[in-house]
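Below is one structure, written out as structure tokens, with a few remarks after it.
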């Protein structure tokens with residue numbers, strides 16, 4: 001027994017001493033061995049810290065393919081640069097970036113959502129990139145019109161986007177529509193509701209909805225649908241507190257229609273406990289006639305849908321609303337995220353980071369992305385669209401004729417966004433009326449200012 | 001050593017002499033049947049969901065959607081191969097292992113010493129110390145993410161190989177101290193007094209007399225802090241930036257959420273996440289359960 | 001007898017406590033004080049902050065959603081106490097019964113879920129509850145009980161119960177093992193004496209077992225309250241507090257405020273409020289159940 005204890009205490013002492021010496025020695029050598037901060041080591045290697053929302057597990061998806069191909073290429077082209085990149089899924093990414101921001105420890109380059117611009121710029125965490133973008137015209141002049149709209153706050157551009165996408169498209173299965181006796185995709189909201197009844201009678205779920213993560217109904221439906229009622233001018237006026245309010249009848253009417261849809265049984269009953277990939281699964285299994293999602297789902301459908309489903313899948317925009325103030329051809333869309341540079345960087349490093357961003361948004365990225373049915377901001381003239389899958393081509397035709405309207409979760413700050421998201425769920429489960437939700441959104445907006 | 005008698009007493013009582021008063025045999029048989037059927041059903045509900053996830057992870061998406069309950073017709077290991085390759089499983093496993101081992105050992109040493117002092121001596125400030133530790137059991141961890149991150153950064157100990165040991169030990173300590181302290185209070189003080197008369201010092205008494213008696217409760221503490229450290233997620237997410245320092249829960253989180261399209265793939269990721277603990281449990285379940293049991297009771 | 005070892009000097013005591021207090025103070029107490037400090041600011045993350053005094057706390061008191069999450073948390077904790085401790089205790093008696101066969105098999109399998117991480121349990125149960133591929137609905141259908149099928153995680157009437165069930169399920173084994181051990185530590189002679197007096201099984205349970213297990217109940221209750229007041233992971237994975245706020249617990253609400261809405265000052269105030277409530281509940285239950293404890 002004594003010997004055992006002796007051994008035990010020896011191990012303990014060993015651990016404690018290893019622990020203590022470990023702490024002190026690595027604190028001293030931190031700068032050499034672990035240069036995650038902006039210092040460069042002895043052999044002139046420059047380290048760039050980079051946090052992004054494309055984890056390695058997504059390497060086979062359209063964005064992931066283009067992203068990692070370009071990142072690896074950049075690393076190869078810059079042997080003297082160490083890119084310490086970390087990828088997280090969106091939930092984890094948000095937690096991580098917010099913690100880093102709160103502690104003022106943001107990495108050299110990272111992605112920021114449009115909705116955080118006011119907060120970050122007021123806190124001095126980001127600096128305008130207007131001059132940079134002008135100086136790098138050979139790269140940035142190839143961006144689409146309005147490419148920087150979502151990354152602009154108070155007239156300043158704070159981020160460089162890589163993708164530009166519509167967020168609220170309707171993916172529908174033509175065969176199911178025909179089977180239910182709906183000959184073509186409805187042109188008006190009233191016809192759309194008729195179609196829903198017919199599809200339901202034919203034994204299908206009219207709309208597969210996976211709103212567990214709360215943003216789907218807002219970003220992929222209400223952003224466009226609300227605009228049909230209110231028009232975009234109303235939105236900016238409401239956001240900036242210049243007269244319009246979320247309690248205005250036109251917006252409440254839009255919420256009212258969400259309630260109507262739910263009560264009609266347009267959605268699956270488990271809409272609030274499955275997520276957006278599960279709504280696609282329902283569509284793939286021919287259980288549902290349509291689903292609402294953004295352009296990112298195009299490549300997913302092209303890759304994952306069974307052949308017969310893919311063949312009968314088409315895209316549509318939300319139909320016109322009688323008496324609405326919005327443009328019936330418009331669709332909510334934008335860039336959502338943009339690459340942001342930490343203002344603390346040295347000039348030399350700043351230049352390198354810009355090169356990295358160019359690699360991740362420029363020509364090479366755009367070409368790989370387009371080949372994989374993605375939608376880059378960078379316009380590649382010589383690209384032959386006819387080689388793309390049919391659905392992808394359909395997307396280009398559809399968006400060519402339309403213009404992008406604001407996506408709520410890109411243009412509003414987090415508090416009202418959360419109020420809309422939660423409120424929509426509350427309408428669908430019937431615990432709050434559209435009026436109550438509208439009031440809460442308005443309160444959230446005002447409390448934030 | 002006189003301490004063994006206490007341990008003996010407990011083990012003896014687990015083997016009760018089975019004398020009983022006879023009642024009607026028929027009633028007894030039905031009761032026995034009902035009870036055993038019920039227990040088997042319950043055990044099945046505890047095992048089946050995890051077994052179901054395990055074998056479903058070997059199916060293809062098509063097979064799974066045709067029949068959710070059937071066994072796989074052939075083993076489809078691709079999901080696992082993908083997961084192991086993409087997540088860099090070797091590094092994750094290594095990091096999780098050393099973080100867990102060091103954290104658990106430190107937790108037990110510090111927890112034991114602290115619990116001994118708190119249970120045996122009355123001194124000024126004892127109540128405050130005790131309450132502070134109690135507080136630790138109740139703090140919602142997410143509320144400390146930002147302050148802890150800020151603090152660790154300011155003294156330059158974030159994102160190091162030893163970083164995660166600090167929060168793991170600190171957040172394991174309260175429950176470990178609570179359990180050990182409760183246990184030591186049930187040990188008669190006479191034991192130590194006798195030792196002191198024999199001229200034993202306090203440290204010697206603590207480690208040679210009390211520690212061996214506390215083996216069962218230390219086993220409980222070990223199991224709980226092992227599980228907690230192995231599965232710890234929020235601090236591992238926030239305090240570590242370097243890919244090479246990531247632990248299993250963070251490494252797999254990326255995998256799990258980008259795989260939700262495909263249930264069997266998601267299940268494969270879940271299986272990988274729990275496999276190491278399940279193996280440890282299958283090998284050492286007797287010791288784990290015994291340890292769990294022995295420590296938590298208080299006569 | 002008076003030995004220096006039995007009543008050590010103050011510096012010996014504090015010397016022994018020092019390493020723990022240093023580590024714990026550094027990792028838990030200092031950040032906790034910082035969190036309290038944040039709760040007096042309007043702070044959206046980043047260097048800017050605005051001292052607002054007790055504003056966050058007065059907002060907390062008038063925040064219906066916070067009190068809604070408080071009610072959910074209370075319901076949740078009570079269900080967990082009943083489920084985890086209640087079922088755990090009954091099971092311990094069953095498994096310990098002389099009639100039960102394969103005792104160690106039951107012990108191993110019922111304890112099994114305890115070793116799996118909360119996040120994984122959350123994922124597994126969201127698949128179990130799934131309308132189309134979940135085994136729960138499959139089982140109900142196989143027994144022709146289709147009318148019992150409800151949208152488990154979607155209906156605000158049921159969602160709190162649906163998200164509590166997995167957490168109870170996971171930890172029944174832990175409490176069963178704890179009770180099993182203390183049951184076996186009750187001197188057998190007590191039962192034998194009672195049997196000679198003609199006491200039935202239930203009488204024995206009520207008059208001997210339960211009083212003898214008083215201390216164990218208290219430990220179990222403390223573990224159960226402390227563990228479940230701050231429950232987070234399972235529900236975060238299964239519903240994220242939804243639909244709407246119908247499964248929102250206090251811990252989730254604090255997280256949503258801090259990390260989704262970036263209102264870190266108010267988020268901290270919620271956490272501190274929650275801590276005060278938890279401490280009060282623990283203190284009250286200790287007073288009510290075991291006044292003689294420290």
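Protein chains in written order, with UniProt numbering: chain A, 1 to 449; chain B, 1 to 299; chain C, 1 to 294. All residues carry an ideal CB built from backbone N, CA and C; glycine is no exception.
Rounded straight-line distance, which links the Cα of residue j to that of residue i
{"i": "residue 147/A", "j": "residue 339/A", "result": "13 angstroms"}
{"i": "residue 286/C", "j": "residue 221/C", "result": "9 angstroms"}
{"i": "residue 93/A", "j": "residue 52/A", "result": "7 angstroms"}
{"i": "residue 343/A", "j": "residue 127/A", "result": "6 angstroms"}
{"i": "residue 137/B", "j": "residue 226/C", "result": "6 angstroms"}
{"i": "residue 40/C", "j": "residue 421/A", "result": "28 angstroms"}
{"i": "residue 174/B", "j": "residue 175/C", "result": "19 angstroms"}
{"i": "residue 126/B", "j": "residue 93/B", "result": "40 angstroms"}
{"i": "residue 99/C", "j": "residue 54/A", "result": "57 angstroms"}
{"i": "residue 195/C", "j": "residue 101/C", "result": "22 angstroms"}
{"i": "residue 229/A", "j": "residue 253/A", "result": "8 angstroms"}
{"i": "residue 282/B", "j": "residue 316/A", "result": "54 angstroms"}
{"i": "residue 195/B", "j": "residue 205/B", "result": "7 angstroms"}
{"i": "residue 394/A", "j": "residue 108/C", "result": "57 angstroms"}
{"i": "residue 35/C", "j": "residue 143/B", "result": "7 angstroms"}
{"i": "residue 295/C", "j": "residue 211/A", "result": "Here chain C comprises residues numbered 1 to 294, so residue 295/C is not present and cannot be evaluated."}
{"i": "residue 115/C", "j": "residue 203/A", "result": "43 angstroms"}
{"i": "residue 291/A", "j": "residue 321/A", "result": "19 angstroms"}
{"i": "residue 258/A", "j": "residue 241/B", "result": "42 angstroms"}
{"i": "residue 19/C", "j": "residue 91/B", "result": "31 angstroms"}
{"i": "residue 242/C", "j": "residue 119/B", "result": "44 angstroms"}
{"i": "residue 149/A", "j": "residue 334/A", "result": "8 angstroms"}
Presumed contact (8 angstroms Cβ cut-off) between residue i and residue j, rounded CB distance
{"i": "residue 450/A", "j": "residue 50/A", "result": "Only positions 1 to 449 of chain A appear in the structure, and residue 450/A is not among them; the question remains open."}
{"i": "residue 193/A", "j": "residue 264/A", "result": "7 angstroms"}
{"i": "residue 409/A", "j": "residue 218/A", "result": "6 angstroms"}
{"i": "residue 385/A", "j": "residue 299/A", "result": "That pair is no contact at about 15 angstroms."}
{"i": "residue 441/A", "j": "residue 434/A", "result": "That belief does not hold up - the Cβ atoms of residue 441/A and residue 434/A are roughly 10 angstroms apart, past 8 angstroms."}
{"i": "residue 121/B", "j": "residue 13/C", "result": "6 angstroms"}
For residue i, the nearest candidate out of the options (CA to CA)
{"i": "residue 75/B", "options": "63/B, 86/B, 83/B, 84/B", "result": "63/B"}
{"i": "residue 283/A", "options": "313/A, 296/A, 70/A", "result": "313/A"}
{"i": "residue 154/A", "options": "240/A, 104/A, 182/A, 443/A", "result": "240/A"}
{"i": "residue 96/B", "options": "244/B, 262/B, 214/B", "result": "244/B"}
{"i": "residue 177/B", "options": "223/C, 257/C, 266/C", "result": "223/C"}
{"i": "residue 188/B", "options": "214/B, 167/B, 89/B", "result": "214/B"}
{"i": "residue 89/A", "options": "59/A, 142/A, 180/A, 220/A", "result": "59/A"}
{"i": "residue 67/B", "options": "264/B, 35/B, 275/B, 269/B", "result": "264/B"}
{"i": "residue 380/A", "options": "368/A, 110/A, 209/A", "result": "368/A"}
{"i": "residue 105/A", "options": "112/A, 97/A, 325/A", "result": "97/A"}
{"i": "residue 247/B", "options": "26/B, 48/B, 100/B, 220/B", "result": "100/B"}
{"i": "residue 207/C", "options": "278/C, 64/C, 191/C", "result": "191/C"}
Coarse secondary structure for residue i, derived from DSSP in three states
{"i": "residue 160/A", "result": "strand"}
{"i": "residue 76/C", "result": "helix"}
{"i": "residue 155/A", "result": "coil"}
{"i": "residue 22/B", "result": "Residue placement at residue 22/B cannot be trusted, given a pLDDT of 49 that sits under 50; the coordinates are not used to answer."}
{"i": "residue 39/A", "result": "Interpretation of residue 39/A is limited by its pLDDT of 44, a score under 50 that renders its predicted location unreliable; no figure is taken from the coordinates."}
{"i": "residue 212/C", "result": "helix"}
{"i": "residue 270/C", "result": "helix"}
Strand pairing of residue i, partner residues [DSSP]
{"i": "residue 173/A", "result": "313/A"}
{"i": "residue 52/A", "result": "87/A"}
{"i": "residue 50/C", "result": "42/C"}
{"i": "residue 113/A", "result": "337/A"}
{"i": "residue 165/A", "result": "334/A"}
{"i": "residue 378/A", "result": "143/A"}
{"i": "residue 208/A", "result": "291/A"}
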